[in-house]
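A.B. asks:
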Amino acid sequence: MTESTQLLLLFGAVMFTIGMVGFLTRRSIILMFLSLEMMLAGVSINLIAFSKQHHNYQGQVLAIMVLTVAACEAAIALAMVVSLYRRKATLDINVWSDVNETPSPPVSEPRIVIVEETIEYPTLTPAGLDPSVSPIPSNLKPSDWTKADDQRLHDAEVSQHA
Amino acid sequence: MNFFPLAQSMLDKVGKVDWHLMAFICIAFGAIGYFSLQRGMLKSKSIAIVGVVLLTGAGFLAAITNELSLDVCVFLAFCGLAIGGGIAFLSVRQPIYAALGFATAILSGAGVLFLQSATFIAAATIIVYAGATIIMFLFVLMFSQQDAPETYDLKLTRPFFATIIGALFLGVLVYSLQTAEDASPDEWKVVSARPLSAETTLDTPSSTVGLGRSLFTEYLFTVEIAGTLLLAATIGSIAVAQRTIEVSA
Amino acid sequence: MLETIAWLVPISPLMGALICTVLAICGDTRWAHWPAVLSLALSALCTIGLLGMHQAEEGMTVLYGYTWMDIGSIRLDVALRLDSLCLTLLFVVTFVSCLVAIYSRDYMRDDPGYARFFAVFCGFVFCMTMLVMANNLLLLYGFWEGVGTCSYLLIGYYFRKPSAAQAAVKAFLVNRIADCAFLLGIILLAYVIGHTAAGEAASMIGRGQLDFSTIHAAAEEISRSSSYPNLIGWIALCFVIGAIGKSAQFPLHVWLPDAMEGPTPVSALIHAATMVTAGVYLMARMSPFMVYAPSVLLLLGWLGGITALGAAIMALCQDDLKRLLAYSTASQLGYLFMAIGCIAIPGMMTLAVMAAMFHLVTHAFFKALLFLSAGNVMHAMGDVIDMRRFGGLRKVLPKTNILFAIGAAALAGVPLFAAFFSKDTILSLLADASNDEDIGIHFKGLLAIGFLTALLTAIYTSKAYFKTFLGPQKLPVEAGHHPHEATSIMLLPMLVLAVGAVIAGGLLGPTGWILKYIATTPFMPPLHGEHHESLWVMVASSLIAIIGGGVGYRLAFASGRTAPEGSLVSGLIHFGKHRLYIDAIYQALIIVPLMWLGQMLSSFDRSIVDGLTIGIGKFPVGLGLTLRKLQTGTVSSYAFMTAAGVTALALWIVFQ
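Those sequence lines, one after another, are chains A, B and C. The number in this note's numbering is simply the position in the first sequence, starting from 1, with 190 added. The number in this note's numbering is simply the position in the second sequence, starting from 1, with 1232 added. The number in this note's numbering is simply the position in the third sequence, starting from 1, with 301 added.
(1) Anyone know if the C-beta pair for Val1344(B) and Phe1310(B) falls short of 7 Å?
(2) Does DSSP classify Leu314(A) as helix, strand or coil?
(3) Quick check: what's the CA-CA separation for Leu1293(B) versus Leu1286(B)?
(4) Could you tell me whether the Cβ atoms of Ser398(C) and Leu570(C) are closer together than 7 Å?
(5) Report the neighbours of Thr948(C) on chain B: residues whose CB is nearer than 8 Å to its CB, in chain order.
(6) Check Asp378(C) in the structure and name its three-state DSSP category.
(7) What does Val256(A) touch in chain C if you count any residue whose Cβ is under 9 Å from its own?
(8) Could one say the Cβ of Gln350(A) lies closer than 7 Å to chain B's Cβ atoms, at least one of them?
(9) Based on the DSSP secondary-structure assignment, which residues constitute the bridge partners of Ser188(A)?
(10) Hey, which unbroken runs of the alpha helix (DSSP H) at 4 residues or more fall wholly within the region 789-862 of chain C?
(11) Measure the CB-CB distance between Met639(C) and Gly602(C) and report whether it falls below 7 Å.
(12) Using a Cβ-Cβ cut-off of less than 7 Å, give me the residues of the region 914-947 of chain C that come near chain A, in sequence order.
(13) Assuming Asp687(C) is part of the beta strand (DSSP E), what are its boundary residues?
(14) Kindly indicate the opening and closing residues of the beta strand (DSSP E) around Ile372(C).
(15) Would you mind giving the Cβ-Cβ distance between Phe1321(B) and Gly202(A), rounded to the nearest angstrom? I have them listed as a contact below 8 Å.
(16) Can you list, in chain order, the stretches of the alpha helix (DSSP H) that have 4 or more residues and sit fully within the region 880-941 of chain C?
(17) If you drop the 5 nearest sequence neighbours on each side, which residues of the same chain put their C-beta closer than 6 Å to that of Leu303(C)?
(18) With DSSP as the reference, identify every bridge partner of Lys331(A), one or two as the case may be.
(19) Between which two residues does the alpha helix (DSSP H) harbouring Asp559(C) extend?
(20) Just checking: is the beta-carbon of Val955(C) within a distance shorter than 7 Å of some beta-carbon in chain B?
(21) Could you spell out where the alpha helix (DSSP H) holding Pro589(C) opens and where it closes?
(22) Leaving out five residues on either side along the sequence, give the residues of the same chain with a beta carbon under 8 Å from the beta carbon of Met942(C).
(23) For Val448(C) and Cys428(C), I'd like the C-alpha separation in whole angstroms.
(24) Just checking, does the region 667-684 of chain C make contact with the region 647-657 of chain C on the three C-beta pairs under 8 Å criterion?
(25) Decide if Glu1431(B) is buried, meaning its Cβ has at least 16 other Cβ atoms within 10 Å, or exposed.
(26) Report the residues of the region 1317-1341 of chain B with a CB closer than 8 Å to any CB of chain A, ordered along the chain.
(27) How many Å lie between Ser333(A) and Asp340(A) at the Cα?
(28) By the 7 Å beta-carbon criterion, what residues does the region 1299-1311 of chain B contribute toward chain A?
(29) Cβ of Thr1389(B) less than 7 Å from any chain C Cβ?
(30) Report back the beta-carbon spacing between Thr207(A) and Phe1307(B) to the nearest angstrom; my notes put them in contact at under 8 Å.
(31) Given that a residue counts as buried once 16 or more other Cβ atoms are within 10 Å of its Cβ, and exposed if not, what is Glu562(C)?
(32) Starting from the N-terminal side, write out each stretch of the alpha helix (DSSP H) that is 4 residues or longer and does not extend beyond the region 582-630 of chain C.
(33) With three or more C-beta pairs closer than 8 Å as the rule, is the region 551-561 of chain C touching the region 464-479 of chain C?
(34) Just the C-alpha distance for Leu1428(B) and Ser1439(B), rounded to the nearest angstrom, thanks.
(35) What are the start and end residues of the alpha helix (DSSP H) that includes Arg1445(B)?
(36) To which residues of the same chain is Arg689(C) closer than 7 Å at the C-beta, ignoring the five residues directly before and after it?
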């Protein structure tokens, strides 16, 4: 077995293992099927590696068949996922556990809510007045501004910062 | 089971194995898998970026010092990208992001396949996996999960045991890779109706020609069966996904 | 003719038993005595006929019934053997049983188990007669067990009373121990007869291996055989153990006092006259064989002596009249075994057997009479038999008074009554034996025991009589308004027995009639010369009887003064009341450990053996329950199991 073949086979093994771990860990049906597809991809990489080593097309033909079967399986799997989703409105795999020996009451899991971190950015004190509380109407033109308006503005600012 | 000869055979095989590589692979996989599975990558984006940068730099250094040829470098880069995508697929909490990680892994795998002169297979992989399958899965995800990630995405099933099983399995595979004995060259050759000619060897980019010829001459039956299978799957998926028709009184 | 009459003797009580069983199943309580009494009367008449027809000079007659077993070298027949030894005891058995049956017609009247009583009674008589007439040691053993069983059934007649049931079981178990030893002796004897040249030669004489003729003929060869040097001694020891169990000698005497729980006729017949004499009869039958084991015979003599003295002491301290009579029976049987022990001296075999049989006959008469009188007293006093609770009954029970006096006089050895002669025969036999050079010293000791026992016998007998019948009248509450004398049906058999008690001694002894009669038994060595009874023994025993009577008179009316506390006498009285603590020792040493062992084994069986069995049964269930938990129904766990399995398989393949 040549070095390159070994490296390729190692790569294929890693892909397969990642797919296996993903299948074991994930609880969403879609992601479980995706990890199945990843396992199949790893297998086809192995097949191509052997095809390269043996200098014939057997591995490649088998890889095409693997691809075909993967496609068929994906189609039917998705149809099944759609009909399952219609029944229970969730993609959790653990709701489908009726055929068992130790029936336990359904455990309702608390819904995990991700609280977005609100970052308190440092703020500056506002230089001016909040327009919604300004005593001066906003449609006042600057040419119509009087001194009394200045005084009222100043008083409002002072009282705001008090 | 008699344990003594088992231990004896194990000890015999020990000498052939590169223990360092094996240990490194297993432990690395175990650690990455465990921590990524536990913590997810929601909070470790920065660590991931730093890690990727470091690995790339290490890769370049290795390439420069060890005089690796370009194709090996590319191959290793694609491998790394594929594995990174796989790890992301394992650990990311948002399902859409996980699907994207999957797509990355598949595309990088296709790149590896291109390097092995399996051009047709690589293209087919991209089209089928990273194209059709991913799009279908994304559609289903999109219409079934409208808002934030659900509970079943956020909590994984027994990550510790899964990591251990994965590490053990990977260790067994690596071990068997290193200790496998080569079969004799005579067993490799396939009795084929059509002898392989020089221009259709796999080392050239035009192996597609030879593949096509081989498919439609030697493996014609297989191709037809594959087509029938696809047809059956199509009809089957339509049948499975149908709504039940309610008869109103 | 002879054959018919001989077979009729056992068969007619058997028929009576079967008819009474049918009546018992039907629940009869009025007519069951007719088949019983008639069959027993027929049996007694046939015995008298046999006595007349069997010519003493012929020796013995063997009447062959049918072949019981003929397997390889073992051949056993059911056959009857008639000789003078057998006929003597047969006469006693049938005669006394007929009289007691007549008595119990009125005694057991209105008892719900009336028919059952007579059925087992007749069954007992059948077994006893067959035991006496058996030609064959194993056949004798079979009926030995039979009388034991009938005794158990009769002691436990009032089975709803716990003490009666326990007494029956005790009697049966103690007899069982003795019977095991007896059977062991029979097996050893059969083996040695079948496998030695002696046996081969001897089997030519008798038809079967265990016939008495065969045994007697083979005895000398066995005693001198070199391949089994001491075997005859061991076989004799086994027979001795069997005899002392049945005849209630030390150390297997513990069942006899408790056997008084049965009805009084049962005590009269079985535990006075017939069953307890079976041991003596066995020894007499086997005497030509036992002659070759003198040390065992000496042991038997000493056991008899110990029993005689111990039982007399215990009887002295008793308040219960029936128990007193039971201890007195054991004591008199001790006399019989002391006589049998004299066989150890060569040349005295015939005399010893004759003396034993003589005393056996007289003892049967007067002891049955005493028991039946006690039954009368019990009946009149409303089932109270504790002597402290009644007294001065001579006016209430005048006829019983006279009959009891006759019996008591006979027992105490008052001159010219029955036991005077028979007891004197035994005592003079012992005196003769003590003149022997080698082992005479033993018989001197036995003679002293014999005199002492005679004194004690006189004391307690007269004390019982005077206390019960003379003195101020005292009636217990249970007696009712007017205690009445026994009916004439009950008194008539007692009268016959009283006549026998008076004249049997004089008729048989001094005339030498029984001596000549017994001497005609085959295999008895012929007598050499005449045998005179020594005069000093007669005088001594008369004096003892009179002195004992006086002491008893004093003791009967000295009820006001009790012995001072802590003195030797009160200690002895205490010991005597508690049966010399022998029962307590047996309980502590034997019974309690055995019951503990039984409980240990039972709990072992329940916990470990049953636990193992049930555990094996529960194991598949547990395994199944454990494996059930694998079916969780979730895809994730199934996937885990698959992955783990694949990994394990891969590991195994790679590392194989």
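Positions of the beta carbon are idealized from the N, C-alpha and C atoms, including for glycine. Small disclaimer: the values here were computed from a predicted structure and weren't measured.
C.D. replies: Inspection of the coordinates gives the following:
(1) Counted from its first residue, the second sequence places residue 1344(B) at position 112. Counted from its first residue, the second sequence places residue 1310(B) at position 78. A contact, by the Cβ cut-off of 7 Å.
(2) Here residue 314(A) refers to the residue found at position 124 when the first sequence is read from its first residue. Reduced to three states, the DSSP call for Leu314(A) is coil.
(3) By one-based count along the second sequence, residue 1293(B) stands at place 61. By one-based count along the second sequence, residue 1286(B) stands at place 54. One C-alpha to the other measures close to 10 Å.
(4) Here residue 398(C) refers to the residue found at position 97 when the third sequence is read from its first residue. Here residue 570(C) refers to the residue found at position 269 when the third sequence is read from its first residue. Yes; because the gap between Cβ atoms is below 7 Å, this pair is in contact.
(5) The count along the third sequence starts at 1 and reaches residue 948(C) at position 647. Neighbours of Thr948(C) on chain B, chain order: Ile1397, Leu1400, Phe1401, Val1404.
(6) Working through the third sequence from its first residue, we reach residue 378(C) at position 77. DSSP places Asp378(C) in strand when its eight states are reduced to three.
(7) Numbered from its first residue, the first sequence carries residue 256(A) at position 66. The premise fails here: Val256(A) is roughly 19 Å from chain C at the closest Cβ pair, so nothing lies under 9 Å.
(8) For this step, residue 350(A) is matched to residue 160 along the first sequence. No - not a single Cβ of chain B is within 7 Å of the one on Gln350(A).
(9) It is not possible to answer for residue 188(A), since the shown part of chain A is limited to 191 through 352.
(10) 789-809, 814-820, 836-857
(11) On the third sequence, position 338 is the one that residue 639(C) refers to. On the third sequence, position 301 is the one that residue 602(C) refers to. For Met639(C) and Gly602(C), yes; Cβs fall inside 7 Å.
(12) Arg929, Lys930, Gln932, Thr933, Gly934, Thr935, Val936, Ser937, Ala940, Phe941, Ala944
(13) The count along the third sequence starts at 1 and reaches residue 687(C) at position 386. Neither: Asp687(C) is in no beta strand (DSSP E) and is coded neither H nor E.
(14) Your numbering for residue 372(C) matches position 71 in the third sequence. Ile372(C) -> beta strand (DSSP E) spans 362-372.
(15) If you number the second sequence from 1, residue 1321(B) lands on position 89. If you number the first sequence from 1, residue 202(A) lands on position 12. The pair is not a contact, with the Cβ atoms about 16 Å apart (cut-off 8 Å).
(16) 883-887, 893-905, 911-929
(17) In the third sequence, the residue the question calls residue 303(C) occupies position 2. Correct list, in chain order: Met354.
(18) What you label residue 331(A) is simply residue 141 of the first sequence in a count that begins at 1. Paired residues: none, contrary to the question.
(19) For the purposes of this step, residue 559(C) is taken as residue 258 along the third sequence, with counting starting at 1. From DSSP, the alpha helix (DSSP H) with Asp559(C) extends over 556-559.
(20) Within the third sequence, numbered from 1, the residue matching residue 955(C) stands at position 654. Output row for Val955(C): interface = yes.
(21) The residue given as residue 589(C) occupies position 288 in the third sequence. Taken as a continuous stretch (DSSP letters only), the alpha helix (DSSP H) holding Pro589(C) covers 588-591.
(22) As a working mapping, residue 942(C) is identified with position 641 in the third sequence. Only Leu931 meet the Cβ criterion.
(23) In the third sequence, residue 448(C) corresponds to position 147, counting from 1. In the third sequence, residue 428(C) corresponds to position 127, counting from 1. One C-alpha to the other measures close to 6 Å.
(24) no
(25) Indexing the second sequence from 1 puts residue 1431(B) at position 199. Its pLDDT being 44, under 50, Glu1431(B) is placed unreliably in this model, and the value from its coordinates should be taken loosely. So Glu1431(B) ends up on the exposed side.
(26) Gly1318, Ile1319, Phe1321, Leu1322, Pro1327, Ala1330, Ala1331, Phe1334, Ala1337, Ile1338, Gly1341
(27) Stepping through the first sequence from its first residue, residue 333(A) is reached at position 143. Stepping through the first sequence from its first residue, residue 340(A) is reached at position 150. Roughly 13 Å separates the two Cα atoms.
(28) Cys1311
(29) Residue numbering aside, residue 1389(B) sits at position 157 when the second sequence is read from its first letter. With 7 Å as the cut-off, Thr1389(B) counts as an interface residue toward chain C.
(30) On the first sequence, position 17 is the one that residue 207(A) refers to. On the second sequence, position 75 is the one that residue 1307(B) refers to. About 19 Å separates the two Cβ atoms, so there is no contact after all.
(31) Along the third sequence, read from residue 1 onward, the residue named residue 562(C) stands at position 261. Flag for Glu562(C) reads buried.
(32) 588-591, 595-617
(33) yes
(34) Locating residue 1428(B) in the second sequence gives position 196, counting from the first residue. Locating residue 1439(B) in the second sequence gives position 207, counting from the first residue. Residue confidence is low: Leu1428(B) scores 49 on pLDDT, short of 50, so the model does not pin down where it sits. Its coordinate-derived value is still stated next. Each residue's Cα considered, the two are about 11 Å apart.
(35) On the second sequence, residue 1445(B) is found 213 positions in, with the first residue counted as 1. Run containing Arg1445(B): 1439-1449, per the alpha helix (DSSP H) assignment.
(36) Within the third sequence, residue 689(C) is the residue found at index 388, counting from 1. Here the set comprises Asp620.
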